[in-house]
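So the structure is just underneath, and the comments pick up after that.
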Amino acid sequence: MFWNEGRVNLAQVATGAIEISPLGSPSAPLGSLVSLTGPITSNELLGDNLFLRPGPYIAVRRKAEMYAWEEEKETRTQEEFGG
């Protein structure tokens with residue numbers, strides 16, 4: 018239950034990020050969440066030599082999971098006679 022209800026809303030966290038320039042040195046305090054926009058480049062070809070042939074690309078992998086369950090609840094009341 019905690020995994021679902023205790024998770025942080027990452028969209029809400031992202032709104033507090035400090036935007037910095039990708040060309041200069043960071044002006045945000047150390048330990049702050051920052052965001053930047055710009056082209057991503059590499060002098061190396063990326064790949065894994067097993068499934069992915071080396072090439073000039075960058076891969077981002079995202080895994081999303083969703084869990085659901087049904088809950089059943091039963092209660093009984095029993096009166097005690099004779100004390």
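Reading the sequence shown from the start, the letters are residues 18 to 100 in this note's numbering. Ideal Cβ positions, reconstructed from N, Cα and C, are used throughout, including at glycine.
Assuming residue i and residue j make a contact with CB atoms under 8 Å, what is their CB distance in whole Å?
{"i": "LEU53", "j": "GLU36", "result": "7 Å"}
{"i": "LEU62", "j": "GLY48", "result": "Rounded, the Cβ-Cβ distance is 34 Å, inconsistent with contact."}
Which class does residue i belong to by DSSP, given the choice of helix, strand or coil?
{"i": "VAL30", "result": "helix"}
{"i": "GLU89", "result": "coil"}
{"i": "LEU69", "result": "coil"}
{"i": "GLU36", "result": "strand"}
{"i": "SER52", "result": "strand"}
{"i": "LEU47", "result": "coil"}
{"i": "LEU62", "result": "coil"}
Measuring CB to CB, does residue i end up less than 8 Å from residue j?
{"i": "GLY55", "j": "PRO43", "result": "no"}
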